[in-house]
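In short: position in the sequence shown from 1, add 491, done, that's the working numbering.
Glycine included, C-beta positions come from ideal geometry on N, C-alpha and C.
These notes concern the structure reproduced below.
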Amino acid sequence: MLRILQISNKAPFPPNDGSSIAVYNMAKGFIENGVELHLMAINTKKHYKSDKEVPADFKKESHFVTVPKNTDTTLIGAFANIFSSESYFVSRFCFKDMEKALIQKLKDFKFDIIQLEGLFVASYIDLLRKHSDAKIILRAHNVESVLWGRQLLTEKSALKRLYLKIQTNRLSKFEKNILKKVDGIVSITDVDKSWFLQADPGKPVYTCITGVNVDYYKKPGDRHLKQKTIFYFGSMDWMPNQEAVDWFLKNCWKKIYGTVHDCKFVIAGKNMPQRFLKMNEPNVLVIGNIINSKDFYNQHDIMIVPLLAGSGLRIKIIEGMSYGKAIVSTSVGAEGIHVTPGENILIADNPEDFIKAVVELLNNDEKRHAIEKAAQRFAESEFDNKKVVSGLISFYKSLNV
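Encoded structure:
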């Protein structure tokens with residue numbers, strides 16, 4: 492039996508955003524495939540989640556431990572970091588209490604695999620090497636330097652752009668240095684895999700998409716469908732998500748609403764900025780955090796993902812397809828998912844095409860239903876979590892652990 496230590500920079504339960512879904516579902520997949528799992532997470536102030544909310548069976552099966560830490564960015568911290576060579580994105584997640592907890596865990600248990608959930612916990616590699624001979628794997632949720640490089644291109648403030656350029660360059664150097672230190676990489680898409688293979692040729696890399704419990708998505712929720720509703724659903728404290736909504740509102744919404752007068756646009760997601768909550772646009776509803784995502788998906792027609800920046804995988808697309816939603820996305824939004832445009836999703840990369848795709852789905856029920864059914868069939872064949880994680884376990888065994 493494999494014994495795996497999974498380390499995350501965010502508490503994964505409840506799994507209510509992309510990264511926590513990725514960590515939690517991976518943990519569930521390990522457990523379902525017979526792995527002895529030990530899951531340790533930094534419980535940040537920004538994304539704080541009480542351990543009391545974690546189901547007792549999951550807590551027991553995953554040997555779940557969290558270490559609290561305020562990792563919030565501050566103006567003082569950001570300014571002070573200018574005189575350092577470290578990435579401010581990463582340094583906030585390295586602290587003594589986590590080091591102590593890791594050392595104790597490694598004294599108590601001998602692991603075959605230590606899986607780092609993203610670059611922000613990779614600062615602990617030297618400590619892990621000192622106290623364990625386990626294979627250390629970076630599970631890269633994104634190529635962080637690519638993500639922030641794309642973000643840099645869309646930043647309008649000259650001062651912020653300058654600071655982002657400094658931090659992105661530092662992050663890129665850190666990322667490439669980390670690749671040399673790990674024993675293998677788990678990419679979340681084949682697009683990212685190609686980048687890693689080019690950055691460090693010869694390093695074992697395995698693509699493992701985020702799986703889901705497809706049976707859960709097929710179970711009925713509240714199906715009181717609100718006709719002709721377009722929705723965007725994502726963590727609204729993430730800048731690319733805000734920019735996606737801004738882009739859609741500025742370039743697409745008025746023409747869509749002008750063509751289909753009875754349609755509505757619903758914006759939802761946790762940590763909704765006040766500027767969206769105070770918005771006063773015709774037939775636009777901003778509702779912030781969603782308590783029951785299943786009911787939310789089932790109540791609305793057309794999902795949009797107009798992302799302009801990002802890397803890795805949009806887990807909301809995986810969820811949307813699993814629920815059988817008709818989705819209109821940019822190529823960046825759907826990057827890394829082997830979709831078939833026109834069959835199980837619509838892809839549009841400019842305002843004219845995006846408007847055309849959304850209006851077509853609003854006016855053509857037959858077309859929308861066909862895409863909905865194809866999306867759910869695709870999800871059932873590609874995203875089953877136990878099967879997805881089983882492939883990763885085979886990869887780990889091939890590393891001679």
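Query	Result
Pairwise C-alpha distance: Q765 and Q733	12 Å
Limits of the unbroken beta strand (DSSP E) element including I627	K626 to A631
S510 and V612 closer than 8 Å at C-beta	no
Contact check, I836 vs I818, beta carbons under 8 Å	yes
Sub-8 Å separation of L853 and V757 beta-carbons	no
For S820: DSSP bridge partner residues	V796 and I838
8 Å Cβ shell around L619 - same chain, five flanking residues per side excluded	L593, L597, I605, A625 and I627
C-alpha gap between K537 and D728, whole angstroms	10 Å
Boundaries (first-last residue) of the beta strand (DSSP E) holding E527	E527 to T535
Neighbour-count burial assignment, G833, 16 or more Cβ in a 10 Å radius	exposed
Beta-carbon gap between T804 and T680 smaller than 8 Å	Per the sequence shown, the amino acid found at residue 804 is Leu instead of Thr. Yes.
Residue of S541, A865 and I669 minimising C-alpha distance to G609	I669
Start and end residues, beta strand (DSSP E) containing F504	Taken as a continuous stretch (DSSP letters only), F504 belongs to no beta strand (DSSP E), as it is neither H nor E.
Beta carbon of Q867 nearer than 8 Å to that of S813	yes
Beta-carbon contacts of K858 that lie in its chain and below 7 Å, excluding the five residues immediately before and after	E851 and L852
Residue ranges of each alpha helix (DSSP H) within the segment 688–727, 4 or longer	705–709
Continuous beta strand (DSSP E) stretch holding F756: start and end	K755 to A759
DSSP-derived helix/strand/coil call for T750	helix
Delimiting residues of the alpha helix (DSSP H) encompassing S499	Note, S499: premise wrong, no alpha helix (DSSP H); beta strand (DSSP E) at R494 to S499.
Other residues of its chain near K877: CB distance less than 8 Å, five sequence neighbours each side excluded	G520, E523, N524 and G702
CA-to-CA distance, K672 to F722, given in whole angstroms	42 Å
Whole-angstrom C-beta distance between K560 and M589, which should lie under 8 Å	7 Å
Neighbourhood of F463 by C-beta, 8 Å cutoff - its chain only, sequence neighbours within 5 removed	Here the chain covers residues 492 to 892 and nothing more, so residue 463 does not appear.
Range of the contiguous beta strand (DSSP E) that encloses V879	Element bounds for V879: not the beta strand (DSSP E) but the alpha helix (DSSP H), N876 to S889.
Cβ neighbours of L493 in the same chain (closer than 6 Å, five flanking residues each side left out)	V526 and D603
Start-to-end residues for the beta strand (DSSP E) that takes in S678	G675 to S678
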